[in-house]
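This report concerns only the one structure given below.
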Amino acid sequence: MLLASLFGVVMGLVLGLTGAGGGILAVPALVLGLGWTMTQAAPVALFAVGSAAAVGAIDGLRHGLVRYRAALLIAALGAVFSPLGIYIAHQLPEKILMILFSLLMVMVAWRMFRKERQQAGPSDHGHASWGQKNCMLNEQTGRFDWTAKCTATLAALGAVTGVVSGLLGVGGGFLIVPAFKQLTDVQMRGIVATSLMVISLISAIGVIGSFHAGVRIDSQGAAFIVASVVGMIVGRQLCARVPARALQVGFASVCLVVAGYMLLQA
(Lines of atoms letter the chains of each structure in order from A and count residues from 1; the text may use other names and numbers.)
(Lines give C-alpha, C1' and ligand atoms only; values in the text may rest on other atoms or scores of the structure.)
Protein backbone atom coordinates (compact mmCIF):
# COMPACT_ATOMS: atom_id res chain seq x y z
CA MET A 1 0.00 0.00 0.00
CA LEU A 2 2.83 2.38 0.92
CA LEU A 3 4.70 1.62 -2.30
CA ALA A 4 1.53 2.07 -4.37
CA SER A 5 0.89 5.43 -2.70
CA LEU A 6 4.49 6.53 -3.32
CA PHE A 7 4.33 5.62 -7.01
CA GLY A 8 0.93 7.34 -7.25
CA VAL A 9 2.25 10.59 -5.80
CA VAL A 10 5.29 10.55 -8.10
CA MET A 11 3.13 9.82 -11.17
CA GLY A 12 0.71 12.58 -10.13
CA LEU A 13 3.56 15.06 -9.68
CA VAL A 14 4.87 14.29 -13.18
CA LEU A 15 1.34 14.56 -14.57
CA GLY A 16 0.81 17.91 -12.88
CA LEU A 17 4.20 19.28 -13.95
CA THR A 18 4.20 18.15 -17.58
CA GLY A 19 0.51 18.00 -18.52
CA ALA A 20 -1.63 15.11 -19.80
CA GLY A 21 1.36 13.21 -21.26
CA GLY A 22 2.62 12.45 -17.76
CA GLY A 23 -0.09 9.84 -17.38
CA ILE A 24 1.86 7.51 -19.64
CA LEU A 25 4.06 6.72 -16.62
CA ALA A 26 1.13 5.20 -14.72
CA VAL A 27 1.24 1.80 -16.44
CA PRO A 28 5.05 1.34 -16.08
CA ALA A 29 4.81 2.33 -12.39
CA LEU A 30 2.29 -0.46 -11.78
CA VAL A 31 3.90 -3.07 -14.06
CA LEU A 32 7.55 -2.52 -13.15
CA GLY A 33 7.12 -1.13 -9.64
CA LEU A 34 4.36 -3.36 -8.26
CA GLY A 35 4.71 -6.40 -10.51
CA TRP A 36 1.23 -6.18 -12.05
CA THR A 37 0.35 -7.46 -15.51
CA MET A 38 -0.51 -5.04 -18.31
CA THR A 39 -4.19 -6.04 -18.22
CA GLN A 40 -4.32 -5.47 -14.44
CA ALA A 41 -2.54 -2.11 -14.66
CA ALA A 42 -4.50 -0.58 -17.56
CA PRO A 43 -7.85 0.14 -15.79
CA VAL A 44 -6.15 1.52 -12.66
CA ALA A 45 -3.90 3.73 -14.81
CA LEU A 46 -6.93 4.94 -16.77
CA PHE A 47 -8.78 5.73 -13.54
CA ALA A 48 -5.82 7.72 -12.16
CA VAL A 49 -5.18 9.62 -15.41
CA GLY A 50 -8.89 10.31 -15.95
CA SER A 51 -9.35 11.65 -12.42
CA ALA A 52 -6.41 14.01 -12.80
CA ALA A 53 -7.50 15.13 -16.27
CA ALA A 54 -11.01 15.85 -14.99
CA VAL A 55 -9.60 18.47 -12.61
CA GLY A 56 -7.89 20.25 -15.53
CA ALA A 57 -10.98 19.90 -17.74
CA ILE A 58 -13.21 21.55 -15.12
CA ASP A 59 -10.75 24.45 -14.89
CA GLY A 60 -10.76 24.76 -18.70
CA LEU A 61 -14.58 24.78 -18.80
CA ARG A 62 -14.60 27.50 -16.15
CA HIS A 63 -12.38 29.66 -18.36
CA GLY A 64 -14.35 28.90 -21.55
CA LEU A 65 -11.44 27.17 -23.30
CA VAL A 66 -12.95 23.71 -23.90
CA ARG A 67 -14.36 22.98 -27.36
CA TYR A 68 -16.97 20.83 -25.66
CA ARG A 69 -18.92 19.76 -28.77
CA ALA A 70 -15.71 18.47 -30.36
CA ALA A 71 -14.71 16.82 -27.06
CA LEU A 72 -18.08 15.08 -26.77
CA LEU A 73 -17.92 13.79 -30.36
CA ILE A 74 -14.39 12.41 -29.91
CA ALA A 75 -15.34 10.86 -26.57
CA ALA A 76 -18.52 9.32 -28.02
CA LEU A 77 -16.52 7.54 -30.75
CA GLY A 78 -13.95 6.63 -28.13
CA ALA A 79 -16.75 5.01 -26.12
CA VAL A 80 -17.71 2.86 -29.11
CA PHE A 81 -14.15 1.73 -29.90
CA SER A 82 -12.59 1.52 -26.42
CA PRO A 83 -14.13 -1.94 -25.73
CA LEU A 84 -12.48 -3.15 -28.95
CA GLY A 85 -9.09 -2.10 -27.55
CA ILE A 86 -9.85 -3.85 -24.25
CA TYR A 87 -10.85 -7.03 -26.12
CA ILE A 88 -7.65 -6.98 -28.21
CA ALA A 89 -5.56 -6.42 -25.04
CA HIS A 90 -7.00 -9.59 -23.50
CA GLN A 91 -6.17 -11.59 -26.65
CA LEU A 92 -2.54 -10.49 -26.98
CA PRO A 93 0.39 -12.00 -25.04
CA GLU A 94 1.78 -9.90 -22.18
CA LYS A 95 5.13 -9.50 -23.97
CA ILE A 96 3.48 -8.00 -27.06
CA LEU A 97 1.57 -5.47 -24.93
CA MET A 98 4.78 -4.43 -23.16
CA ILE A 99 6.59 -3.99 -26.48
CA LEU A 100 3.73 -1.90 -27.90
CA PHE A 101 3.69 0.28 -24.78
CA SER A 102 7.47 0.73 -24.95
CA LEU A 103 7.25 1.88 -28.58
CA LEU A 104 4.48 4.29 -27.57
CA MET A 105 6.71 5.79 -24.87
CA VAL A 106 9.54 6.25 -27.38
CA MET A 107 7.16 8.12 -29.69
CA VAL A 108 5.99 10.39 -26.86
CA ALA A 109 9.61 11.07 -25.83
CA TRP A 110 10.53 12.00 -29.40
CA ARG A 111 7.67 14.51 -29.50
CA MET A 112 8.76 15.98 -26.17
CA PHE A 113 12.36 16.42 -27.34
CA ARG A 114 11.14 18.47 -30.29
CA LYS A 115 10.93 22.07 -29.18
CA GLU A 116 7.38 23.43 -29.50
CA ARG A 117 6.81 26.98 -30.67
CA GLN A 118 4.58 29.00 -28.37
CA GLN A 119 1.59 30.80 -29.91
CA ALA A 120 0.91 34.04 -28.10
CA GLY A 121 -2.27 36.06 -28.17
CA PRO A 122 -5.44 36.65 -26.18
CA SER A 123 -7.65 34.86 -28.69
CA ASP A 124 -8.11 31.11 -28.99
CA HIS A 125 -8.08 31.45 -32.77
CA GLY A 126 -5.12 30.17 -34.72
CA HIS A 127 -3.62 31.95 -37.71
CA ALA A 128 -4.54 29.54 -40.51
CA SER A 129 -6.30 30.86 -43.59
CA TRP A 130 -9.73 29.50 -44.44
CA GLY A 131 -9.61 26.00 -45.89
CA GLN A 132 -6.07 25.21 -44.71
CA LYS A 133 -7.29 23.00 -41.86
CA ASN A 134 -9.94 20.27 -41.66
CA CYS A 135 -11.74 22.07 -38.81
CA MET A 136 -11.82 25.88 -38.72
CA LEU A 137 -13.17 28.31 -36.13
CA ASN A 138 -15.77 30.81 -37.35
CA GLU A 139 -14.42 34.32 -36.74
CA GLN A 140 -17.89 35.68 -35.87
CA THR A 141 -19.06 32.98 -33.47
CA GLY A 142 -15.72 31.60 -32.24
CA ARG A 143 -17.09 28.06 -32.72
CA PHE A 144 -16.18 25.31 -35.18
CA ASP A 145 -17.88 25.34 -38.57
CA TRP A 146 -19.28 21.79 -38.51
CA THR A 147 -18.69 20.71 -42.11
CA ALA A 148 -18.84 17.05 -43.13
CA LYS A 149 -15.04 17.04 -43.42
CA CYS A 150 -14.62 18.42 -39.88
CA THR A 151 -17.12 15.97 -38.38
CA ALA A 152 -15.51 12.97 -40.10
CA THR A 153 -12.02 14.09 -39.00
CA LEU A 154 -12.95 14.40 -35.31
CA ALA A 155 -14.93 11.13 -35.42
CA ALA A 156 -11.92 9.27 -36.85
CA LEU A 157 -9.68 10.79 -34.16
CA GLY A 158 -12.13 9.58 -31.50
CA ALA A 159 -12.16 6.04 -32.91
CA VAL A 160 -8.36 5.74 -32.95
CA THR A 161 -8.04 7.27 -29.47
CA GLY A 162 -10.66 4.87 -28.09
CA VAL A 163 -8.88 1.77 -29.41
CA VAL A 164 -5.46 2.88 -28.12
CA SER A 165 -6.93 3.87 -24.76
CA GLY A 166 -8.58 0.49 -24.24
CA LEU A 167 -5.56 -1.44 -25.53
CA LEU A 168 -2.79 0.21 -23.50
CA GLY A 169 -4.55 2.02 -20.64
CA VAL A 170 -3.59 5.56 -21.64
CA GLY A 171 -5.85 8.59 -21.90
CA GLY A 172 -4.87 9.48 -25.46
CA GLY A 173 -3.59 13.03 -24.94
CA PHE A 174 -0.44 12.21 -26.92
CA LEU A 175 -2.73 11.60 -29.95
CA ILE A 176 -5.31 14.34 -29.40
CA VAL A 177 -2.97 17.29 -28.87
CA PRO A 178 -0.83 16.86 -32.04
CA ALA A 179 -3.92 15.95 -34.09
CA PHE A 180 -5.70 19.13 -33.00
CA LYS A 181 -2.60 21.18 -33.82
CA GLN A 182 -2.38 19.64 -37.27
CA LEU A 183 -6.09 19.53 -38.18
CA THR A 184 -7.62 22.63 -36.50
CA ASP A 185 -6.77 26.31 -36.02
CA VAL A 186 -7.41 26.24 -32.26
CA GLN A 187 -4.50 27.62 -30.21
CA MET A 188 -2.61 25.55 -27.65
CA ARG A 189 -4.45 26.58 -24.51
CA GLY A 190 -7.78 25.58 -26.09
CA ILE A 191 -6.26 22.35 -27.42
CA VAL A 192 -4.92 21.32 -23.99
CA ALA A 193 -8.22 22.11 -22.22
CA THR A 194 -10.23 20.18 -24.85
CA SER A 195 -7.76 17.28 -24.71
CA LEU A 196 -8.13 17.05 -20.92
CA MET A 197 -11.90 16.82 -21.23
CA VAL A 198 -11.64 14.06 -23.85
CA ILE A 199 -9.09 12.17 -21.73
CA SER A 200 -11.32 12.31 -18.65
CA LEU A 201 -14.38 11.11 -20.62
CA ILE A 202 -12.58 8.33 -22.52
CA SER A 203 -10.79 7.19 -19.36
CA ALA A 204 -14.12 6.92 -17.54
CA ILE A 205 -15.57 4.91 -20.43
CA GLY A 206 -12.51 2.62 -20.49
CA VAL A 207 -12.74 2.00 -16.73
CA ILE A 208 -16.44 1.14 -17.01
CA GLY A 209 -15.65 -1.23 -19.88
CA SER A 210 -12.94 -2.91 -17.81
CA PHE A 211 -15.32 -3.36 -14.88
CA HIS A 212 -17.83 -4.90 -17.27
CA ALA A 213 -15.11 -7.30 -18.45
CA GLY A 214 -14.62 -8.46 -14.85
CA VAL A 215 -11.60 -6.35 -13.81
CA ARG A 216 -11.67 -5.09 -10.20
CA ILE A 217 -9.59 -2.42 -8.46
CA ASP A 218 -8.13 -3.60 -5.14
CA SER A 219 -6.86 -1.55 -2.19
CA GLN A 220 -3.44 -1.07 -3.78
CA GLY A 221 -5.04 0.31 -6.93
CA ALA A 222 -7.28 2.63 -4.90
CA ALA A 223 -4.27 3.95 -2.96
CA PHE A 224 -2.43 4.58 -6.26
CA ILE A 225 -5.41 6.50 -7.70
CA VAL A 226 -5.94 8.72 -4.64
CA ALA A 227 -2.22 9.43 -4.30
CA SER A 228 -1.91 10.32 -8.01
CA VAL A 229 -4.66 12.95 -7.72
CA VAL A 230 -2.94 14.46 -4.66
CA GLY A 231 0.38 14.48 -6.51
CA MET A 232 -1.22 16.07 -9.56
CA ILE A 233 -2.67 18.94 -7.50
CA VAL A 234 0.74 19.59 -5.91
CA GLY A 235 2.40 19.38 -9.33
CA ARG A 236 0.07 21.99 -10.78
CA GLN A 237 1.09 24.36 -7.98
CA LEU A 238 4.79 23.79 -8.69
CA CYS A 239 4.74 23.83 -12.51
CA ALA A 240 4.93 27.64 -12.80
CA ARG A 241 8.26 27.63 -10.89
CA VAL A 242 10.04 25.13 -13.15
CA PRO A 243 11.15 26.03 -16.73
CA ALA A 244 8.82 24.35 -19.24
CA ARG A 245 11.65 23.20 -21.54
CA ALA A 246 13.52 21.57 -18.65
CA LEU A 247 10.32 19.68 -17.77
CA GLN A 248 9.90 18.49 -21.36
CA VAL A 249 13.49 17.24 -21.70
CA GLY A 250 13.44 15.64 -18.25
CA PHE A 251 10.15 13.86 -18.88
CA ALA A 252 11.26 12.67 -22.33
CA SER A 253 14.47 11.26 -20.81
CA VAL A 254 12.49 9.37 -18.16
CA CYS A 255 10.21 7.97 -20.88
CA LEU A 256 13.19 6.66 -22.87
CA VAL A 257 14.74 5.00 -19.81
CA VAL A 258 11.46 3.36 -18.77
CA ALA A 259 10.73 2.27 -22.37
CA GLY A 260 14.15 0.62 -22.60
CA TYR A 261 13.64 -1.20 -19.29
CA MET A 262 10.18 -2.42 -20.37
CA LEU A 263 11.64 -3.74 -23.64
CA LEU A 264 14.29 -5.64 -21.68
CA GLN A 265 11.61 -7.10 -19.40
CA ALA A 266 9.57 -8.15 -22.43
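In the working numbering, each residue carries its 1-based index in the sequence shown increased by 341.
Think of the CB as a built atom: it goes at the ideal place given N, C-alpha and C, for glycine as much as any other residue.
As DSSP reads the structure, phenylalanine 485 sits in a beta bridge with Leu478. Across the structure, serine 551 and proline 384 are spaced so that their CA atoms are roughly 6 Å apart. The beta carbon of phenylalanine 485 lies closer than 8 Å to those of Arg408, Arg410, Ala411, Cys476, Met477, Leu478, Asn479, Cys491, Thr525 in the same chain, with the five residues before and after it left out. Inter-segment contact for the region 597-607 and the region 437-447 is present: three or more beta-carbon pairs are separated by less than 8 Å.
By the CB criterion at 8 Å, alanine 389 and serine 506 fall outside the cutoff. Threonine 535 counts as buried, since at least 16 other C-beta atoms from the protein chains shown sit within 10 angstroms of its C-beta. At a cut-off of 4 residues, not a single continuous stretch assigned as alpha helix (DSSP H) sits fully inside the region 541-572.
Valine 556 and glutamine 589 have their C-alpha atoms roughly 34 Å apart. Leaving aside the five residues that flank glycine 483 on each side, none in its chain has a CB nearer than 6 Å to its CB. Of the candidates Gln561, Leu343, Ser560, Ala430, the residue whose Cα lies closest to the Cα of alanine 554 is Ala430. Residue range 435-454 is occupied by the alpha helix (DSSP H) that includes methionine 446. For methionine 379, the enclosing alpha helix (DSSP H) has its first and last residue at 379-403. Annotation for leucine 414: the continuous alpha helix (DSSP H) segment containing it runs 409-432. At the C-beta level, alanine 386 and alanine 367 come within 8 Å of one another.
Between the region 538-551 and the region 413-421, the count of C-beta pairs closer than 8 Å reaches three or more; the two stretches touch. Taken through DSSP and simplified to helix, strand or coil, proline 584 comes out as coil.
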